[in-house]
Amino acid sequence: MAFSKLDARAPGFARAAAAASARGFAPLVRLGGGHAAAYGPGSLVYEEVIAHEAVFEGTQERYAAATGLIRRALARVGVAADVGELDGEYCAGSHSLNVGGRVKIAGLSQRVVRGAALVTAMLLLEDEPRVRPVLTDVYAALSIPWRPETAGAIADVVPAPSHEQLVAALVAEHGGGLEPAQVGEATLAAADALAPRHAA
Numbered sequence: 018m019a020f021s022k023l024d025a026r027a028p029g030f031a032r033a034a035a036a037a038s039a040r041g042f043a044p045l046v047r048l049g050g051g052h053a054a055a056y057g058p059g060s061l062v063y064e065e066v067i068a069h070e071a072v073f074e075g076t077q078e079r080y081a082a083a084t085g086l087i088r089r090a091l092a093r094v095g096v097a098a099d100v101g102e103l104d105g106e107y108c109a110g111s112h113s114l115n116v117g118g119r120v121k122i123a124g125l126s127q128r129v130v131r132g133a134a135l136v137t138a139m140l141l142l143e144d145e146p147r148v149r150p151v152l153t154d155v156y157a158a159l160s161i162p163w164r165p166e167t168a169g170a171i172a173d174v175v176p177a178p179s180h181e182q183l184v185a186a187l188v189a190e191h192g193g194g195l196e197p198a199q200v201g202e203a204t205l206a207a208a209d210a211l212a213p214r215h216a217a
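When we follow the working numbering, the leftmost residue of the sequence shown carries the number 18, and every step to the right adds one.
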């Protein structure tokens, strides 16, 4: 369960984290904004780090670019997605992606510091039956109203692509210039050192 820093400051956060744990979801605090989102084996996380000097500029442009890229990638694998907030959706945002105006299939968030911006999107391909119950418990603890029927996955509405198919489509939409790379040992060590900061 990925909580935002805003969630972590809420009076009900300790109860929400305990509720997530009770449902088998490890509570973590992510870098991006918004509210709690549940991840499972049927999820795919897309992240892009963009060099950017101005902290308070370019936010909407990055959202527009990311939603456009993801929509085009989904179209490549036969999924027609719309951009916009569903009434009562979890982790509500105007840059959410939905299918048929029925279920939210992706949410986007950003974290900006001087020198760089992180754009994150979490896409739900296959439904995880525990998602609605855990979000119901977590959002009740955080006192955030929402409509559970908005939580779902691509497979709830249309045939879902595999992770590999969607990754290939995302890479194709990026165009040329992308090369596979391995994360270095120093970076992995730094990540291990920073991990406790994100534990809820």
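Ideal Cβ positions, reconstructed from N, Cα and C, are used throughout, including at glycine.
Within the DSSP bridge table, the entry for Met139 names Val62, Gly124 as partners.
With at least 16 other beta carbons inside 10 angstroms of its own, Arg79 counts as buried. Beta-bridge pairing by DSSP links Leu45 to Ala19, Ala216. Non-local beta-carbon contacts of Gly110 in its own chain, meaning distances under 7 Å to residues more than five positions away in sequence, involve Gly51, Glu102, Gly124, Leu125 in chain order. Residue pairing from DSSP places Gly132 in a beta bridge opposite His69. Under DSSP, Ala27 takes part in no beta bridge, so it has no partner.
Annotation: Ala203 to Gly118 spans about 44 Å, alpha carbon to alpha carbon.
Between the stretch 55 to 63 and the stretch 166 to 186 there are three or more C-beta pairs closer than 8 Å, enough to call the two in contact. In the structure shown, Val116 falls within a strand segment according to DSSP collapsed to helix, strand and coil. When DSSP states are grouped into helix, strand and coil, Val188 belongs to the helix group. Rounded to whole angstroms, the gap between the alpha carbons of Leu48 and Pro176 is 31 Å. In this structure, Ala36 places its C-beta atom within 8 Å of the C-beta atom of Ala158. Distance from the CA atom of Leu45 to the CA atom of Glu145, rounded to whole angstroms, is 19 Å. The shortest CA-to-CA distance from Met139 to any of Ala34, Val96, Ser113 is the one to Ser113. With distances taken between CA atoms, Gln127 lies nearest to Val72 out of Pro165, Val72, Phe30, Glu106. In this structure, Gly59 keeps its C-beta atom at 8 Å or more from the C-beta atom of Leu187. The straight-line gap separating the alpha-carbon atoms of Ala33 and Tyr156 is approximately 7 Å. Under the DSSP assignment, Ile87 falls in the alpha helix (DSSP H) whose first and last residues are 76 to 93. Classified as buried, Val120 has 16 or more neighbouring CB atoms from the shown chains inside 10 Å of its CB. Burial is judged here by how many other beta carbons sit within 10 angstroms of a residue's own beta carbon; Leu211 has fewer than 16 and is exposed.
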